[in-house]
Amino acid sequence: MTETTTSFPSVTLADRAAILDTLHRYTAGLDLGDADLLASSLTEDATVDLGPAMRRIGYDFPPLRPRESVVSALIGAVGPLDTSHAISNVRSTVDGDVATVHAYAQAQHFEPGRGSDPAATRHALMMNRYTATMVRDGERWRIQHLDIANAWFDGDPTVLLGE
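Just so you know, we're using my numbering here: the sequence shown kicks off at 1 and counts up by one.
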C-alpha cells in the first residue's frame with residue numbers, strides 16, 4: 001500500500017487567528033452598526049458581492065465597491081436592523097500575502113428594536129456561504145473580495161429591505 005500526501009501552502013496559527021478576526025470585524029461591524037469596524041476588515045478597493053445570496057430570495061443586488069461604498073450601503077441597510085452574525089466552518093489557504101477563505105455565516109435579522117421582543121416573529125434568518133480573497137496588511141488581514149451565496153433562508157425577506 002502506498003501512502004499519498006498532498007502539499008498545502010503553510011498557514012500559521014497566527015494567520016488563522018488574524019483571518020478569523022477579519023471575518024469577526026466584518027460581521028461585528030454589521031451587527032453593531034459600526035462603520036469604522038466594518039471598514040477595518042476591508043481593503044480600499046474591496047468588492048462585496050451579495051448578489052448570489054439576494055437573488056436566491058428574489059432580489060437583484062449589484063456588487064458593492066470600493067470600501068467606502070461597501071460600508072455606506074451595508075451600514076445603511078443592515079446597521080439599523082437588530083442582527084447577529086455567527087461565523088463557523090472557517091477554512092483557509094495562504095499563499096504568501098494572499099488567502100482564500102471559505103466560511104459559513106448564519107445571520108438573524110429583526111426589524112429595528114424588535115430583536116429582544118419575545119413576541120417578534122417577523123425575521124429573516126439566512127445561512128450564507130462566504131468565499132473571500134484576503135490580503136495581508138501588516139499584522140492584519142483584510143477582505144479584498146467577498147462573495148456571499150445563500151445556502152438556505154427562513155422568514156420574511158422584506159425585513160432585509162426595511163419594509
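Backbone N, C-alpha and C define an ideal beta-carbon position, used for all residues, glycine too. Here the structure is a predicted model, which is why all the values come from computation and not from measurement.
DSSP places THR22 in no beta strand (DSSP E) but in the uninterrupted alpha helix (DSSP H) bounded by 13-32. In the three-state DSSP reduction, ILE57 falls in the coil class, being neither helix nor strand. With respect to the 9 Å criterion, TYR130 and ALA103 are classified as neighbours on the basis of their beta carbons. The secondary-structure analysis by DSSP pairs GLN108 across a beta bridge with SER84, LEU125. Look at GLY51 here: in three-state DSSP terms it is helix. In the DSSP assignment, ASP97 is bridged to no other residue. CA-to-CA, the gap between MET127 and GLY162 works out to about 19 Å. Sequence-distant Cβ neighbours of MET54 in its own chain, meaning closer than 6 Å and more than five residues away, are PHE61. Two segments are said to touch when three or more pairs of C-beta atoms, one from each, lie closer than 8 Å; by this definition the segment 87-99 touches the segment 19-30.
Shown here, VAL71 sits in a helix according to DSSP, grouped into three states.
Its chain contains ASP82, ALA120, ARG122 as the residues whose beta carbon lies nearer than 8 Å to that of ARG114, once the 5 sequence neighbours on both sides are disregarded; these appear in chain order. Spatial neighbours of ALA149 in its own chain (CB-CB distance under 7 Å, excluding positions within 5 residues in sequence) are listed in chain order as PRO52, ALA53, ASN128, ARG129. Annotated three-state conformation of ASP36 is helix, per DSSP. Counted as a single uninterrupted DSSP element, the beta strand (DSSP E) harbouring ARG142 occupies residues 140-155. Each of LEU74, ILE57, GLY58 was checked against the Cα of LEU64, and the nearest Cα belongs to LEU74. Assignment of beta-bridge partners to ARG136 by DSSP yields TRP141. In this structure, the CA atom of ALA132 is about 13 Å from the CA atom of THR27.
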